[in-house]
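Asks: Handing you this structure, nothing more for now.
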Amino acid sequence: MWIFDKPSVAANRNLRGQFEYLQAHRSLHANQEQSFASVPLPGLTGNASSPVPYPVYAEMDQQTKAIMRDPNVDVLLNDLMPLARSLNIGKMFHQYRQAGDGGAVTTSMSGLEPIPNDQTQYKHDGAIIPVHQSGYYREWRELAGQRSEGWDDLLDDQAASTRTVREKMSAYILDGQEGLEFKGIQSYGIRTGANSAKATISIDLTSNATPPDEVRNEFIRLRDIIRRDNRVSLDLNVYVSPEIAATLDRYYVLEGQVTATRTLRQELESLEGIGAIKELSGLSGNELTMGALSQEYIMPLVGQAVSNLALPRQTPFARHQFLVWSALGLELRVDYNGRTGWLYASGS
């Protein structure tokens with residue numbers, strides 16, 4: 001999970017640790033603000049202490065959940081959320097083992113054949129878990145005024161920063177972060193990573209002039225790279241650019257005749273091994289990606305769920321700074337033989 005809710009925090013030890021880490025930082029800020037309580041604000045009601053009230057944090061947390069769960073944006077991020085694995089905030093990278101054959105096996109009627117001695121072969125792979133963050137601030141006088149007028153402006157700032165972090169997380173899932181690495185492990189995404197299959201789209205999927213049967217055959221060819229060549233038995237979700245999506249609701253043409261009973265999209269989704277076809281705003285032009293929604297093949301790694309906090313101030317008249325952040329990596333998994341469950345394809 002990359003948001004905090006009571007059932008998930010109670011059920012997941014690592015997520016609970018992330019939540020406790022967040023609460024400790026919020027308490028640190030509150031304690032620091034209380035130390036300014038004796039400093040008067042001449043001409044203003046109150047003193048220099050400006051801790052964020054619990055109800056304001058609660059409303060911010062509700063905003064975070066609503067924004068991160070919005071079903072109308074970043075569909076790939078939404079689809080991957082159930083596959084996310086929560087980790088300790090101290091985890092900078094995560095490794096997994098790729099198992100080869102499980103050793104020799106004998107077959108007999110008696111079961112008295114000598115037990116074969118062999119060992120499973122393993123290789124290792126992994127991914128880094130970087131921090132994605134955005135922030136906003138208010139001068140001390142502004143926040144002093146908001147204590148008497150409500151906190152609406154601060155809530156608006158928090159919502160905008162949370163949307164910015166979500167957009168960055170979505171971009172990271174696709175492309176990683178160029179130049180970012182830790183202990184030799186490079187940042188990557190579905191579009192840029194070595195653990196996703198790559199293919200060239202041989203026709204123009206963005207044009208209504210491309211015959212629907214050619215589109216169908218191209219989808220079959222791309223599907224078979226994962227389903228047949230890589231031996232993936234699960235259905236594949238397909239994510240296409242807005243330009244491709246715009247061509248899929250025309251009627252399907254079969255042997256030169258318009259078939260008014262179904263659209264091209266419906267025809268493609270009826271293919272064996274093809275699940276839903278969804279528009280993804282992060283793609284453009286003649287681009288698509290497809291893959292199996294299973295932790296066997298893809299897994300977001302969450303070192304810190306999306307959250308917000310106020311940073312401690314050093315003086316009563318310093319500006320109030322707020323942070324919206326998450327620690328998120330992506331692990332595209334391949335087996336011992338390098339077979340993947342995800343593909344990225346593009347064409348001119």
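Counting along the sequence shown from 1, when you hit position 336 you're at 336 in full-length UniProt numbering, and nothing is skipped either side.
Idealized CB from N, CA, C, for every residue including glycine.
1) Tell me the residue span of the beta strand (DSSP E) that contains F219.
2) In the DSSP assignment, find the alpha helix (DSSP H) that holds Y172 and state where it starts and stops.
3) Less than 8 Å between the CB atoms is what I'm expecting for E279 and A310, so what's the real figure, rounded?
4) Quick check: what's the CA-CA separation for L234 versus R85?
5) When you compare the CB positions of N88 and G17, do they come within less than 8 Å of one another, or not?
6) State buried or exposed for F219, treating a residue as buried only when at least 16 other CB atoms are found within 10 Å of its CB.
7) Here's a check: name, in chain order, each residue in its chain whose Cβ is nearer than 7 Å to the Cβ of S161, leaving out the five neighbours to either side.
8) What whole-angstrom Cβ distance do R250 and N217 have, given they're in contact under 8 Å?
9) Report buried or exposed for T261, applying the criterion of at least 16 other Cβ atoms within 10 angstroms of its Cβ.
10) Would you say the beta carbon of F219 comes nearer than 7 Å to a heavy atom of the ligand GDP?
11) Pairing CB atoms from the region 267 to 279 with CB atoms from the region 197 to 204, are three or more of them under 8 Å?
12) Return the CA-CA distance between S346 and T206, expressed in angstroms with no decimal places.
13) Is T247 helix, strand or coil by DSSP?
14) Since L143 contacts H320 with CB under 8 Å, what's their CB separation in whole angstroms?
15) Tell me the rounded alpha-carbon separation between V9 and A58.
16) Using the Cβ count rule (16 or more neighbours within 10 Å means buried), how would you classify E139?
17) May I ask which residues mark the beginning and end of the beta strand (DSSP E) holding G17?
18) According to DSSP, what are the bridge partners of S86?
19) With DSSP run on the structure shown, which of helix, strand or coil describes S187?
20) Does the Cβ of T289 have 16 or more other Cβ atoms within 10 Å, making it buried, or fewer, making it exposed?
21) Mind checking W2: buried by the 16 CB within 10 Å criterion, or exposed?
22) How far does the beta strand (DSSP E) with L288 in it reach, from first residue to last?
23) Does the Cβ of V232 have 16 or more other Cβ atoms within 10 Å, making it buried, or fewer, making it exposed?
24) What is the DSSP secondary structure of R333, counted as helix, strand or coil?
Replies: The relevant details are as follows:
1) F219 -> not in any beta strand (DSSP E); alpha helix (DSSP H) instead, spanning 212 to 224.
2) It spans 152 to 175 - the alpha helix (DSSP H) in which Y172 sits, taken as one unbroken run.
3) In fact, because the Cβ distance is near 37 Å, the residues do not count as touching under 8 Å.
4) 20 Å
5) Cβ distance < 8 Å, so N88 and G17 count as in contact.
6) buried
7) Excluding sequence neighbours, S161 sits near S134, G135, Y136, V324.
8) Rounded, the Cβ-Cβ distance is 17 Å, inconsistent with contact.
9) exposed
10) The ligand GDP is not part of the structure shown, which contains no ligands of any sort.
11) no
12) 11 Å
13) coil
14) 5 Å
15) 15 Å
16) exposed
17) Run containing G17: none in the beta strand (DSSP E); it sits in the alpha helix (DSSP H), 13 to 34.
18) V302
19) Note: S187 maps to coil in three-state DSSP.
20) buried
21) buried
22) 287 to 291
23) buried
24) coil
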